[in-house]
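**Student:** The following block contains the structure, expressed as structure tokens.
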Amino acid sequence: MVPIDPIRIILVGTQHPGNIGSAARAMKTMGLSQLILVAPKRFPDPEANALAAGAEDIVQQARVVETLDEALHGCRFALGTTARDRAISLPEHTPREAAAALLEHTETGGQAALLFGRERTGLDNDELMRCHGRVFIPCNPDYASLNLASAVQVLSYEIRLRRLELGLLPAKVPVLDESEPASLDQLERMFMHLGEFMDEIDFHKGRSPDMINQRLRRLFLRARMDEREIKIIRGMLSDAQRLLAQKK
Ligand code: SAH
Numbered sequence: 022m023v024p025i026d027p028i029r030i031i032l033v034g035t036q037h038p039g040n041i042g043s044a045a046r047a048m049k050t051m052g053l054s055q056l057i058l059v060a061p062k063r064f065p066d067p068e069a070n071a072l073a074a075g076a077e078d079i080v081q082q083a084r085v086v087e088t089l090d091e092a093l094h095g096c097r098f099a100l101g102t103t104a105r106d107r108a109i110s111l112p113e114h115t116p117r118e119a120a121a122a123l124l125e126h127t128e129t130g131g132q133a134a135l136l137f138g139r140e141r142t143g144l145d146n147d148e149l150m151r152c153h154g155r156v157f158i159p160c161n162p163d164y165a166s167l168n169l170a171s172a173v174q175v176l177s178y179e180i181r182l183r184r185l186e187l188g189l190l191p192a193k194v195p196v197l198d199e200s201e202p203a204s205l206d207q208l209e210r211m212f213m214h215l216g217e218f219m220d221e222i223d224f225h226k227g228r229s230p231d232m233i234n235q236r237l238r239r240l241f242l243r244a245r246m247d248e249r250e251i252k253i254i255r256g257m258l259s260d261a262q263r264l265l266a267q268k269k
């Protein structure tokens, strides 16, 4: 069985089931899986599954509870996201700080929660008071309210970044082309080849080649070439030399 993620994403009073599906998708893209729904207006609902687009497992495993108390049961730490200032004094965090705090509190095996509010009215003050702090996604002050699932995406991404930073996840980046970085002598041989070729086409026309050679070296070294790239350049030079020889 896959272990339960120690970070709970709690959606409070969600009105549109489509947002539940989109939030599940946002979570799954970032490797989160524990979704709790507090008194959703319409759930289960085909629209939630439709918008989950491949993250239906998260939607199906979502726990539905009636109260925030039930959703927070067993959690050691909670943060609430809000789109605007409230007349409530709570420490405010950026998404980055929030991700760090959530992971810090789950380090020793505890559970932590991240709350998201209703589409229209957000989290109410009583709900926010249950949290250790609030999280605001910095954005356009004239239009600060993100779609619920977009807010889930931003926070889930920050949690993933932090997990990568902490080495809690394998950093899998799709590799297009696996080739070893070129060695210094492979580079030297390419520079020699290039020098030969430039002489053959009389590129320098009697001038000293030093300045051009320095610039070309700088250019190619900056590119941190790999073995295959060196082969391509040298292959081109050889072909050009062959054609020149044929012409002569
Ligand atoms: N008018 C509501 C907007 C709710 S948007 C309000 O003032 O709260 C729905 C939910 O998305 C919010 O409750 C919050 O959880 C999240 N959200 C939207 N924009 C956000 C932002 N800029 N920062 C943090 N959370 C945000």
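Going by my numbering, the letters in the sequence shown line up with residues 22 to 269, in that order.
Where is the CB? At the ideal position from N, CA and C, for every residue including glycine.
As the structure is a computational prediction, the values presented were derived from the model and not from experiment.
1) Do the segment 103-111 and the segment 67-81 meet, that is, are 3 or more Cβ pairs less than 8 angstroms apart?
2) Using the beta carbon as the reference atom, which residues fall closer than 6 angstroms to any heavy atom of the ligand SAH, ordered along the chain?
3) Short check: CB of F218 to CB of A266, under 9 angstroms?
4) Please name the residue, chosen from G101, Q207, R151, that lies closest to R255 on a Cα-to-Cα basis.
5) Comparing alpha-carbon positions, which option in M51, F64, F98 lies nearest E87?
6) Where DSSP assigns a beta bridge to P24, which residues make up the other side?
7) Give the range of the alpha helix (DSSP H) segment to which Q55 is assigned.
8) Is it the case that the Cβ atoms of F157 and L123 are separated by a distance below 9 angstroms?
9) Please report the distance separating the alpha-carbon of I179 from that of P116.
10) Could you pull the DSSP bridge partners for F98 from this structure?
11) Here's a check: name, in chain order, each residue in its chain whose Cβ is nearer than 7 angstroms to the Cβ of H214, leaving out the five neighbours to either side.
12) Taking the alpha-carbon of G143 as reference, which of C96, I28, L32 has the nearest alpha-carbon?
**Tutor:** If we stick to the structure as given:
1) no
2) T102, T103, A104, R105, F137, G138, E140, T142, G143, L144, V156, F157, I158, C160, A165, S166, L167, L169, A172
3) The residue given as residue 218 occupies position 197 in the sequence shown. The residue given as residue 266 occupies position 245 in the sequence shown. The answer is no: Cβ separation not under 9 angstroms.
4) Translated into the one-based positions of the sequence shown, residue 255 becomes position 234. Residue Q207 holds the alpha-carbon nearest to the alpha-carbon of R255 among G101, Q207, R151.
5) Counting from 1 along the sequence shown, the entry for residue 87 is found at position 66. Of M51, F64, F98, the residue nearest in Cα terms is F64.
6) Residue numbering aside, residue 24 sits at position 3 when the sequence shown is read from its first letter. Paired residue(s): none; P24 is not in a bridge.
7) Taking the first residue of the sequence shown as position 1, residue 55 is located at position 34. Taken as a continuous stretch (DSSP letters only), Q55 belongs to no alpha helix (DSSP H), being part of the beta strand (DSSP E) at 55-59.
8) The residue given as residue 157 occupies position 136 in the sequence shown. The residue given as residue 123 occupies position 102 in the sequence shown. Cβ distance not < 9 angstroms, so F157 and L123 don't count as in contact.
9) Here residue 179 corresponds to residue number 158 of the sequence shown, with the count starting at 1. Here residue 116 corresponds to residue number 95 of the sequence shown, with the count starting at 1. It should be pointed out that residue 179 corresponds to Glu in this sequence rather than to Ile. If you take the alpha carbons of E179 and P116, they lie about 6 angstroms apart.
10) For the purposes of this step, residue 98 is taken as residue 77 along the sequence shown, with counting starting at 1. Paired residues: A133.
11) Counting from 1 along the sequence shown, the entry for residue 214 is found at position 193. So the qualifying residues of the chain are R255, L258.
12) On the sequence shown, residue 143 is found 122 positions in, with the first residue counted as 1. It is L32.
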